[in-house]
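Trainee: Residue numbers (numbering that gives the first Met the number 0): 0 to 392.
Please find one structure pasted underneath; my questions will follow.
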Amino acid sequence: MEKIVSLCKRRGFIFPGSEIYGGFAGFWDYGPLGVKLSRNIQNLWWKMFVTDREDMYQFDAAIIMNPKAWEASGHVAGFADPLNGKMFNTMFKTSVGAGEEAAVAYLRPETAGGMFVNFKNVVDSMHPKLPFGMAQIGKSFRNEIAPRDFIFRSREFSQMEVEYFVYPNEWEKHFEAWRNIMQSWCREIGLNAVHELEVPDSERAHYSKRTIDFEFEYPFGRKELYGLAYRGDFDLTSHGLSYFDEETKKEIVPHVIEPSLGLDRTILAVLCDAYTEDELGGETRTYLKLKPKIAPVTVAVFPLLKNKPELVTKAKEIYQILKKEFNSVEFDDNGNIGKRYRRQDEIGTPWCVTIDFETIEKNNGVTIRDRDTGEQKRMRIDEMIEYVKSQLM
Ligand code: GAP
0 MEKIVSLCKR RGFIFPGSEI YGGFAGFWDY GPLGVKLSRN IQNLWWKMFV
50 TDREDMYQFD AAIIMNPKAW EASGHVAGFA DPLNGKMFNT MFKTSVGAGE
100 EAAVAYLRPE TAGGMFVNFK NVVDSMHPKL PFGMAQIGKS FRNEIAPRDF
150 IFRSREFSQM EVEYFVYPNE WEKHFEAWRN IMQSWCREIG LNAVHELEVP
200 DSERAHYSKR TIDFEFEYPF GRKELYGLAY RGDFDLTSHG LSYFDEETKK
250 EIVPHVIEPS LGLDRTILAV LCDAYTEDEL GGETRTYLKL KPKIAPVTVA
300 VFPLLKNKPE LVTKAKEIYQ ILKKEFNSVE FDDNGNIGKR YRRQDEIGTP
350 WCVTIDFETI EKNNGVTIRD RDTGEQKRMR IDEMIEYVKS QLM
């Protein structure tokens, strides 16, 4: 774990929050490469859970809601952890308005709440037919008593959540379907060993009738990565909301299936899974075996030598071509080539393309180096582009 935390800081993925003031427990800042990794994961999630489907409605609710919403949802009374024999509510309090007008409000502890209170707005404006879902990616806040394990348990984090509304008698079928989607998602981002845990009655959240936790083997133990909950009619009923079913001409309260995925826990799991040390060319090296789709840099382009203008010019030209083809391409002419490979390995770049004298003198393509094997092959530029594209599928 220490090695991962150190790599994240050294290479610009994740820094302790407010670090120059001694840090701030439970808060973390994402640096340039952390943002790229995070965005790649969010985009992939959005595609798989939202835009590739025809039954999903995108949402983005306010972080601070009327506190009555959190009273109705049971969070004011019950969103608490035990502390010194008493229950401590972990919602962050703030105040809204000035002077006499100031009133207590809360930072949302889950993105879900903002979607439930807008159920009627979506129904009235979009006229969806059951089953359908609302989806959101956003920040959530919890005043965790013991934030720990890097970004695993923090006080500010991001969630990727779906609230899926179904006919009450069909909940089991949809629960199974989402369970399978969550497993496919884990494989999509390279997490092959995710375990399912059926959460017992006594340990479920106040709103849930059934929960499966998806657990990952972190270096500090097997811990919750995601949750899939059957929230029944708890939320819509609490907010006094219902749905007029055109088929039966009856007012009903749909039931909710909720796949809830923590973004930061995803990033941590992906980093832990990808972190590899091996021997290459007689030296030990560290690399991140990230799936090419989510790697912060897809292809890095180097001139073999930085003091040969003809190599640098050609490398910049190829860099411009590749930039149009791929999501994230980096040009690097710092230090020697060995040092550049070491950096790209550590940030998980799947391919490094080098422009050498054969490229310009013999018009003989470029070399492309594979991160995992360290092997280099010579390819024409068009061939290399096709090859990389085929690997990103
Ligand atoms: N809307 C349902 C919900 O919020 P949860 O199990 O409390 O359920 C869902 O949280 C997911 O959010 C967790 O599986 C985890 O991935 C993430 N999460 C929860 N608390 C977190 C924290 N303190 N730090 C980082 N991620 C957290």
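Think of the CB as a built atom: it goes at the ideal place given N, C-alpha and C, for glycine as much as any other residue.
#1: For Gly22, I'd like the list of residues in its chain whose CB is within less than 6 Å of its CB, leaving aside the five on either flank, ordered along the chain.
#2: Just to confirm the assignment, what range does the beta strand (DSSP E) spanning Val161 have?
#3: Could you give the distance in angstroms between the alpha-carbon of Lys2 and the alpha-carbon of Phe233?
#4: What would DSSP say about Ile180, mapped onto helix, strand or coil?
#5: Can the beta-carbon of Val352 be found less than 8 Å from the beta-carbon of Ile367?
#6: In the structure shown, what three-state DSSP assignment does Ala468 receive?
#7: For Tyr225, which residues does DSSP report across the bridge?
#8: Considering only their Cβ atoms, is the gap separating Thr247 from Leu227 smaller than 8 Å?
#9: For the putative contact between Ala273 and Gly347, defined by C-beta atoms under 8 Å, what is the C-beta separation to the nearest angstrom?
#10: Going along the chain, which unbroken runs of the beta strand (DSSP E) with 3 or more residues stay wholly within the segment 65-123?
#11: Say the cut is 7 Å; is the CB of Asp272 nearer than that to a heavy atom of the ligand GAP?
#12: Between Ala111 and the ligand GAP, is there a pair consisting of the residue's CB and a ligand heavy atom that are separated by less than 7 Å?
#13: Contact defined as beta carbons within less than 8 Å: I believe Met64 pairs with Gly137. What is the distance between those atoms, to the nearest angstrom?
#14: Is Glu160 near the ligand GAP, going by C-beta to nearest heavy atom under 7 Å?
#15: From the DSSP output, in three-state form, read off Gln50 for me.
#16: Do you know offhand how far Tyr206's Cα is from Val255's?
#17: Thinking C-beta only, is Gln158 closer than 8 Å to Leu321?
#18: Return yes when the C-beta of Glu156 is under 7 Å from any heavy atom of the ligand GAP, and no when it is not.
#19: Please report the Cβ distance between Ala134 and Val161, rounded to the nearest whole angstrom; I am assuming they are in contact, meaning their Cβ atoms lie under 8 Å.
#20: At a threshold of 7 Å, does Asp263 count as lining the ligand GAP (C-beta to nearest heavy atom)?
#21: Tell me the residue span of the alpha helix (DSSP H) that contains Pro31.
#22: Who pairs with Glu282 in a beta bridge, going by DSSP?
#23: I'd like to check one pair, Phe140 with Phe91: are the Cβ atoms closer than 8 Å?
#24: Assuming Gly132 contacts Met47 under a Cβ cut-off of 8 Å, what Cβ separation, rounded to an integer in Å, is found between them?
#25: Return the bridge partner residues of Ser5 from the DSSP annotation.
#26: Over the uninterrupted alpha helix (DSSP H) stretch that includes Lys338, give me the two end residues.
#27: Could you tell me which of Ser17, Ser37 and Arg230 sits nearest to Ile188, measuring between CA atoms?
#28: Taking the beta strand (DSSP E) that Tyr386 belongs to, which residues open and close that run?
#29: Which of the three DSSP states, helix, strand or coil, is assigned to Arg203?
#30: Figure out for me which residue from Val269, Lys376 and Arg379 has the closest Cα to the Cα of Ile40.
#31: One question on the structure: do Pro302 and Ile380 come within less than 8 Å of each other, judged by their Cβ atoms?
#32: Do Val365 and Glu329 have their CB atoms nearer than 8 Å?
#33: Can you name, in chain order, every residue of its own chain whose Cβ lies under 7 Å from the Cβ of Glu197, other than the five neighbours on each side?
#34: From what residue to what residue does the alpha helix (DSSP H) around Ile359 run?
#35: Give a yes or no on whether the C-beta atoms belonging to Leu43 and Lys292 are separated by under 8 Å.
#36: Using the beta-carbon count (16 or more within 10 Å), is Tyr105 buried or exposed?
Mentor: To lay it out plainly:
#1: Contacts found: Pro15.
#2: Element bounds for Val161: Glu155 to Val165.
#3: 43 Å
#4: Of the three classes helix, strand and coil, the one that applies to Ile180 here is helix, per DSSP.
#5: yes
#6: What the structure shows of the chain is the stretch from 0 to 392, and residue 468 is not part of that stretch, so it cannot be assessed.
#7: Phe213 and Leu260
#8: no
#9: 6 Å
#10: 79-82, 85-88, 92-95 and 102-105
#11: no
#12: Correct: Ala111 has its Cβ closer than 7 Å to the ligand GAP.
#13: Contact flag wrong, Cβ pair sits at about 12 Å.
#14: The answer is yes for Glu160.
#15: Note that residue 50 corresponds to Thr in the displayed sequence, not to Gln. Thr50 falls in the helix class under three-state DSSP.
#16: The straight-line gap from Cα to Cα measures roughly 10 Å.
#17: no
#18: Checking the sequence shown, residue 156 turns out to be Phe, not Glu. Yes - the ligand GAP has a heavy atom lying nearer than 7 Å to the Cβ of Phe156.
#19: 5 Å
#20: yes
#21: Pro31 to Trp45
#22: Leu279
#23: yes
#24: The Cβ separation is near 13 Å, so there is no contact.
#25: According to DSSP, which records beta bridges pairwise, Ser5 is partnered with nothing at all.
#26: Ile336 to Ile346
#27: Ser37
#28: Note, Tyr386: premise wrong, no beta strand (DSSP E); alpha helix (DSSP H) at Ile380 to Leu391.
#29: Here Arg203 sits in coil by DSSP.
#30: Val269
#31: In this structure, Pro302 lies away from Ile380, with their beta-carbon atoms at least 8 Å apart.
#32: no
#33: Ile211
#34: Phe356 to Glu360
#35: yes
#36: Under this definition Tyr105 is a buried residue.
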